[in-house]
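J.:
2 protein chains.
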Amino acid sequence: MNDDREALRGWLDLLATSQGLKKAVDTRLRSRFGHSIARFDVLSALDRAGVAGLRAGALTERLMVSDGATTQVTAPLIRDGLVKRTVDPDDRRAAIFVLTRKGEKIFAEMAGEHRQWIVDAFAALSPAQIKTLRRLLSQISPAAIARSRKDAA
Amino acid sequence: MNDDREALRGWLDLLATSQGLKKAVDTRLRSRFGHSIARFDVLSALDRAGVAGLRAGALTERLMVSDGATTQVTAPLIRDGLVKRTVDPDDRRAAIFVLTRKGEKIFAEMAGEHRQWIVDAFAALSPAQIKTLRRLLSQISPAAIARSRKDAA
DNA sequence: CGTATTTACTTTATATCTAAAATAGTAATC
DNA sequence: GATTACTATTTTAGATATAAAGTAAATACG
Numbered sequence: 011m012n013d014d015r016e017a018l019r020g021w022l023d024l025l026a027t028s029q030g031l032k033k034a035v036d037t038r039l040r041s042r043f044g045h046s047i048a049r050f051d052v053l054s055a056l057d058r059a060g061v062a063g064l065r066a067g068a069l070t071e072r073l074m075v076s077d078g079a080t081t082q083v084t085a086p087l088i089r090d091g092l093v094k095r096t097v098d099p100d101d102r103r104a105a106i107f108v109l110t111r112k113g114e115k116i117f118a119e120m121a122g123e124h125r126q127w128i129v130d131a132f133a134a135l136s137p138a139q140i141k142t143l144r145r146l147l148s149q150i151s152p153a154a155i156a157r158s159r160k161d162a163a
Numbered sequence: 011m012n013d014d015r016e017a018l019r020g021w022l023d024l025l026a027t028s029q030g031l032k033k034a035v036d037t038r039l040r041s042r043f044g045h046s047i048a049r050f051d052v053l054s055a056l057d058r059a060g061v062a063g064l065r066a067g068a069l070t071e072r073l074m075v076s077d078g079a080t081t082q083v084t085a086p087l088i089r090d091g092l093v094k095r096t097v098d099p100d101d102r103r104a105a106i107f108v109l110t111r112k113g114e115k116i117f118a119e120m121a122g123e124h125r126q127w128i129v130d131a132f133a134a135l136s137p138a139q140i141k142t143l144r145r146l147l148s149q150i151s152p153a154a155i156a157r158s159r160k161d162a163a
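Order-wise, the sequence lines are chains A and B.
The first sequence begins at 11 in the working numbering and counts up by one.
The second sequence begins at 11 in the working numbering and counts up by one.
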């Protein structure tokens, strides 16, 4: 069947494009600021959360990673003084992460450059084309894979 | 500017979709066959190469990973008898990896199911829509990020 | 030829990631 | 209020990635 091949090609292209972009962003972030995409994502989530910060669980959810990963990625940010870790006084099991002044400043710089990189990478596409791309992406269903059965052929 | 935000959203959607799909495929491959996507990719490249196999360098190139990664990902496949490593008699520095009979068999099974999962994940898109998606993806330029300058704003 | 350079791959040190075990605090029940 | 169960996070073990150092074979050059 022809559809099969087209879907497989779509999957390969999707993977290659996103990985290429991710690698480029990561390389640039590291060389400019000494921080990975993973750390940038933490800073971004905390920046949005503002002075209240985020509990570890909420951060895990937003980053779409495991709970262990959150602990590990925040560690160097705390060491470098970009993030402060406190304990929730109302529930002493819970960790709360907040951006420090220094963290805010550095993130603002990072976010500015990052935005420009993405704009440049997407420069060949019009806003309308990006909307189309996003609509098509939204119709791809990872959940279908978990449900997929052999007999569906 | 509005374009900025649309590009950023496109990037976030692209990343979320490809990572979601990748995680789903990886989870399914592991539970069905006990092998990761990384190993599946090695098997796939070797299957295509046939009886001649591939040198480590060629494998590295096709997988788009570092040379060290190739050594490490092939190791368990060799241990499990899916891949055989030999030395090129014409250039004894070079390693040649070939699928074993067992590796071929297992890969054929994996590839069959994998194809169905992808078809299911893309089921909501027509072949024409997938073509459109692929065309749009091809216009995204990771290389632009390496060239991007602050003053380009 | 014999030394120097290059090439092909592996090893090592880090950085993420996951899943699962461990830790510690909270809530629920008798 | 002691025991039990649950919840939030950290720690650990293992997989995969990179970059850079190490090893060994091939090539180049005087």
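All C-beta atoms in this analysis are idealised placements derived from N, C-alpha and C, irrespective of residue type, glycine included.
Identify each residue in the segment 102-136 of chain B for which the Cβ-Cβ distance to at least one residue of chain A is less than 9 angstroms, and report them in chain order.
T.: Gly122, Glu123, His124, Arg125, Gln126, Trp127, Ile128, Val129, Asp130, Ala131, Phe132, Ala133, Ala134, Leu135 and Ser136
J.: In the DSSP assignment, find the unbroken beta strand (DSSP E) run with arginine 95 of chain A in it and report its ends.
T.: 93-97
J.: Terminal residues of the continuous alpha helix (DSSP H) containing leucine 69 of chain B?
T.: Boundaries of the alpha helix (DSSP H) around leucine 69 of chain B: 66-73.
J.: Provide the residue span of the alpha helix (DSSP H) that contains alanine 153 of chain B, from first to last.
T.: 152-157
J.: Give the range of the alpha helix (DSSP H) segment to which leucine 147 of chain A is assigned.
T.: 137-148
J.: Using a cut-off of 8 angstroms between C-beta atoms, extract the partners of arginine 49 of chain B located in chain A.
T.: Going along chain A, no residue has its Cβ under 8 angstroms from arginine 49 of chain B, so there is no contact; the nearest lies around 16 angstroms.
J.: Between the segment 47-65 of chain B and the segment 21-31 of chain B, are three or more C-beta pairs nearer than 8 angstroms?
T.: For the pair of segments examined, the segment 47-65 of chain B was found not to touch the segment 21-31 of chain B: the number of CB pairs separated by less than 8 angstroms stays below three.
J.: Taking 9 angstroms as the threshold (beta carbon to beta carbon), is arginine 58 of chain A in contact with chain B?
T.: no
J.: Report, in whole angstroms, the separation of the C-beta atoms of leucine 64 of chain B and phenylalanine 117 of chain B, which I expect to be a contact under 8 angstroms.
T.: Incorrect: roughly 14 angstroms between the Cβ atoms, too far for contact.
J.: Nearest to aspartate 101 of chain A by CA position, among A:Ala66, A:Ser76, A:Ile128 and A:Ala121, is which residue?
T.: A:Ala66
J.: Counting C-beta neighbours from all protein chains within 10 Å, is the total for aspartate 130 of chain B 16 or more, i.e. buried, or is it exposed?
T.: buried
J.: Just grab the DSSP bridge partners of isoleucine 106 of chain A for me.
T.: A:Arg65 and A:Thr96
J.: Could you give the DSSP three-state label for glycine 122 of chain A: helix, strand or coil?
T.: Glycine 122 of chain A: helix per DSSP, three-state reduction.
J.: Short of 8 angstroms in beta carbon distance, which residues of its chain neighbour isoleucine 47 of chain A, apart from the five on each side in sequence? Order them along the chain.
T.: Here the set comprises Lys32, Val35, Asp36 and Leu39.
J.: At the 9 angstroms Cβ level, is arginine 19 of chain A part of the contact set with chain B, yes or no?
T.: yes
J.: Compute the Euclidean distance between the alpha carbons of serine 158 of chain A and serine 148 of chain A, then round it to the nearest angstrom.
T.: Looking at the backbone, the Cα of serine 158 of chain A and that of serine 148 of chain A are separated by about 19 angstroms.
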